[in-house]
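In UniProt numbering, the protein residues as written are 1 to 559.
Structure, as structure tokens:
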């Protein structure tokens with residue numbers, strides 16, 4: 001598929017008519033393919049940019065398997081590399097196995113070379129040192145608990161200092177949510193326990209004011225972690241659940257409870273992840289002790305999207321002609337029944353939800369699409385025919401769950417990678433990799449097949465919603481997991497719009513589920529593929545005790 005080097009960045013244009021209607025302007029096959037992809041995607045975004053709650057590729061295995069820990073290791077490295085909020089710092093990595101070494105291939109939505117790669121190299125050096133110290137302690141018959149506890153604290157402090165910009169932005173969002181919470185609690189019909197929550201939230205908000213002090217980011221994250229399962233957080237979670245139980249707009253004051261709960265969970269995750277990373281070193285020792293290199297992937301250019309202009313003399317497009325033209329291209333030429341159903345459904349949704357206006361607004365604000373980090377890593381492994389580490393486990397670690405488009409791209413990719421967890425949000429800024437030369441590129445047929453399957457799935461989702469006459473869901477849903485509990489009734493909550501330059505004020509659906517679990521290690525005597533690797537019982541238990549004592553893990557928590 002697309003080459004990783006020698007590509008020229010092409011910026012997408014814009015047009016006053018996003019979807020087009022009437023006779024189509026002449027263009028080449030490659031441009032037609034890209035436009036065929038964006039048209040139903042834009043309609044889907046207008047219908048509802050959130051296609052469901054967060055999905056997980058698999059439930060937490062019991063006992064926890066070596067494969068799960070090693071995949072989590074990749075995700076945790078990527079999470080810690082993400083030093084800022086928004087889409088630019090979103091990080092993905094894949095591990096190549098060579099005869100003489102391992103190569104950690106790192107990609108981000110912007111160039112990872114200057115900041116992410118040096119941080120990851122230093123973090124890996126620290127983890128290697130921890131692992132060697134554990135081996136030395138075990139060889140001498142000593143407990144490794146104390147040194148693991150010290151190492152975990154040091155690495156956590158190092159990682160929170162690196163991510164201070166991200167932590168500050170989360171705190172700003174948390175303060176805004178808390179202000180709305182206290183206003184709602186003061187004026188609403190809440191119980192005494194719920195109203196008492198306002199004082200606790202104010203104290204949490206005041207603790208964020210000291211972020212300028214040295215170590216304040218670490219202290220605040222630890223406070224969030226220590227309080228994540230407190231009675232106040234349980235009350236906050238119950239109020240957040242009202243978001244799903246009561247119909248209201250996405251801008252309702254009730255959204256503030258979900259946001260406050262979520263952002264506290266995000267701060268706590270900056271304690272959980274480094275501790276889990278340190279606790280997993282014995283299960284990934286080959287990934288640390290074998291020679292390795294860290295390589296940054298250059299940012300990959302996206303296939304340019306240029307909305308097709310209306311030919312001269314075609315006349316202005318009306319709402320009806322615009323939607324009818326979209327419906328025609330979503331149906332087989334002989335399926336008149338489906339065409340009539342879609343046309344009627346789109347007209348009804350247009351009256352209720354102003355689909356055309358939404359699509360035109362999307363057009364005016366349309367930005368050049370970009371290739372997301374996990375797709376960059378996937379295409380690099382595919383184009384270069386690299387060998388995946390861990391016996392060919394085609395797993396790519398990422399700092400966030402995949403978006404709707406990345407999920408479909410992985411699902412239909414010929415390399416058949418592990419399909420990532422998905423937050424189900426549609427981003428029009430998403431784009432497939434550019435094929436220089438278009439149809440003349442040797443990877444065109446392969447990309448054409450992939451995108452045709454991609455388009456088919458998008459159309460199916462759009463048709464299903466049109467048939468149901470369903471508008472947008474009135475729930476707020478961010479991108480990353482809240483990470484306080486593994487499962488709760490309902491969907492997930494996640495953090496941060498990976499393509500949003502603003503404050504994560506997205507509309508979506510879902511609540512209180514987590515991609516990250518509290519448990520790091522479980523004692524097991526199993527061995528072999530897919531189970532806990534055999535290590536010294538004394539060493540294994542010392543790691544487990546360290547994790548318990550350091551971050552007060554509740555291994556019997558709700559999952």
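Every residue gets a Cβ at the ideal spot worked out from N, C-alpha and C, and that includes glycine.
Cβ of residue 134 within 8 Å of Cβ of residue 148? Locating residue 134 in the chain shown gives position 134, where the first residue counts as 1. Locating residue 148 in the chain shown gives position 148, where the first residue counts as 1. Closer than 8 Å, so yes.
Residue 239 - DSSP class collapsed to helix/strand/coil: To locate residue 239, count along the chain shown from 1; it is residue 239. Shown here, residue 239 sits in a helix according to DSSP, grouped into three states.
State yes or no: is the C-beta of residue 398 within less than 8 Å of the C-beta of residue 425? Numbered from its first residue, the chain shown carries residue 398 at position 398. Numbered from its first residue, the chain shown carries residue 425 at position 425. Contact: no.
Evaluate residue 91 with the Cβ neighbour count: other Cβ atoms within 10 Å of its Cβ, from every protein chain shown; 16 or more gives buried, anything less gives exposed. Taking the chain shown and counting its residues from 1, one reaches residue 91 at position 91. Counting Cβ neighbours within 10 Å, residue 91 comes out buried, since at least 16 surround it.
Exposure label - residue 286; buried when at least 16 CB within 10 Å: Here residue 286 is taken as the residue at index 286 of the chain shown, counted from 1. Under this definition residue 286 is an exposed residue.
Starting from the Cα of residue 144, find the closest Cα among 282, 395 and 431 and give me that residue. Taking the chain shown and counting its residues from 1, the one referred to as residue 144 is at position 144. Closest in alpha carbon position to residue 144, among 282, 395 and 431, is 282.
Let's test the definition: count the other Cβ atoms within 10 Å of the Cβ of residue 552 and tell me whether it reaches 16, buried, or not, exposed. Position 552 of the chain shown, counted from the first residue, corresponds to residue 552. For residue 552, the predicted model reports a pLDDT of 35, less than 50, meaning its position is unreliable and no value from the coordinates is stated.
What are the start and end residues of the alpha helix (DSSP H) that includes residue 69? As a position in the chain shown, residue 69 is number 69, starting the count at 1. Taken as a continuous stretch (DSSP letters only), the alpha helix (DSSP H) holding residue 69 covers 66-81.
Whole-number beta carbon distance between residue 167 and residue 215, since they are thought to touch under 8 Å: Taking the first residue of the chain shown as position 1, residue 215 is located at position 215. Taking the first residue of the chain shown as position 1, residue 167 is located at position 167. In fact, because the Cβ distance is near 12 Å, the residues do not count as touching under 8 Å.
Work out the CA separation of residue 467 and residue 358 for me, nearest whole Å. By 1-based counting over the chain shown, the position of residue 358 is 358. By 1-based counting over the chain shown, the position of residue 467 is 467. Using only the alpha carbons, I get a separation of about 19 Å.
Minimum C-alpha distance to residue 376 - residue among 463, 266, 106 and 280: As a working mapping, residue 376 is identified with position 376 in the chain shown. Here the closest residue by C-alpha is 106.
Whole-angstrom Cβ separation of residue 602 and residue 89, contact assumed at under 8 Å? Nothing in the structure corresponds to residue 602, since the chain is present only between 1 and 559.
Using the C-alpha atoms, what's the distance from residue 334 back to residue 343? Stepping through the chain shown from its first residue, residue 343 is reached at position 343. Stepping through the chain shown from its first residue, residue 334 is reached at position 334. Roughly 15 Å separates the two Cα atoms.
What residue from 441, 261, 444 and 390 has the CA that sits closest to residue 180's CA? Locating residue 180 in the chain shown gives position 180, counting from the first residue. Proximity to residue 180 across 441, 261, 444 and 390 peaks at 261, based on C-alpha coordinates.
Roughly how far, in whole angstroms, is the beta-carbon of residue 278 from the beta-carbon of residue 152, given that I think they are within contact range, below 8 Å? Translated into positions along the chain shown, residue 278 becomes position 278. Translated into positions along the chain shown, residue 152 becomes position 152. Indeed, because the Cβ distance is near 4 Å, the residues count as touching under 8 Å.
Here's a check: name, in chain order, each residue in its chain whose Cβ is nearer than 6 Å to the Cβ of residue 385, leaving out the five neighbours to either side. Start at 1 with the first residue of the chain shown, and residue 385 comes out as number 385. Nothing listed; no residue qualifies.
DSSP three-state label for residue 91, please. For the purposes of this step, residue 91 is taken as the residue at position 91 of the chain shown. Strand.
I'd like to know if the stretch 74-86 and the stretch 337-351 are in contact, where contact means that at least 3 CB-CB pairs between them fall below 8 Å. Inter-segment contact for the stretch 74-86 and the stretch 337-351 is absent: fewer than three beta-carbon pairs are separated by less than 8 Å.
Can you tell me which residues form a DSSP beta bridge with residue 426? The residue you call residue 426 lines up with position 426 of the chain shown. Per DSSP, none; premise fails for residue 426.
Let me know if residue 447 comes out buried or exposed under the rule of 16 or more other beta-carbons within 10 Å of its beta-carbon. Walking along the chain shown from the start, residue 447 turns up at place 447. Burial of residue 447 is indicated by the presence of at least 16 other C-beta atoms within 10 angstroms of its C-beta.
Please list, in chain order, all residues of the same chain as residue 405 whose beta carbon is under 6 Å from its beta carbon, the five residues on each side excluded. The sequence position of residue 405 within the chain shown is 405, counting from 1. If we look at residue 405 and ignore the five residues flanking it on each side, its Cβ neighbours are 430.
Length of the line joining the Cα atoms of residue 445 and residue 339: Indexing the chain shown from 1 puts residue 445 at position 445. Indexing the chain shown from 1 puts residue 339 at position 339. As the crow flies, the alpha-carbon of residue 445 is around 29 Å from that of residue 339.
Same chain only: Cβ atoms within 6 Å of residue 299, ignoring 5 sequence neighbours per side: Taking the chain shown and counting its residues from 1, the one referred to as residue 299 is at position 299. Correct list, in chain order: 111.
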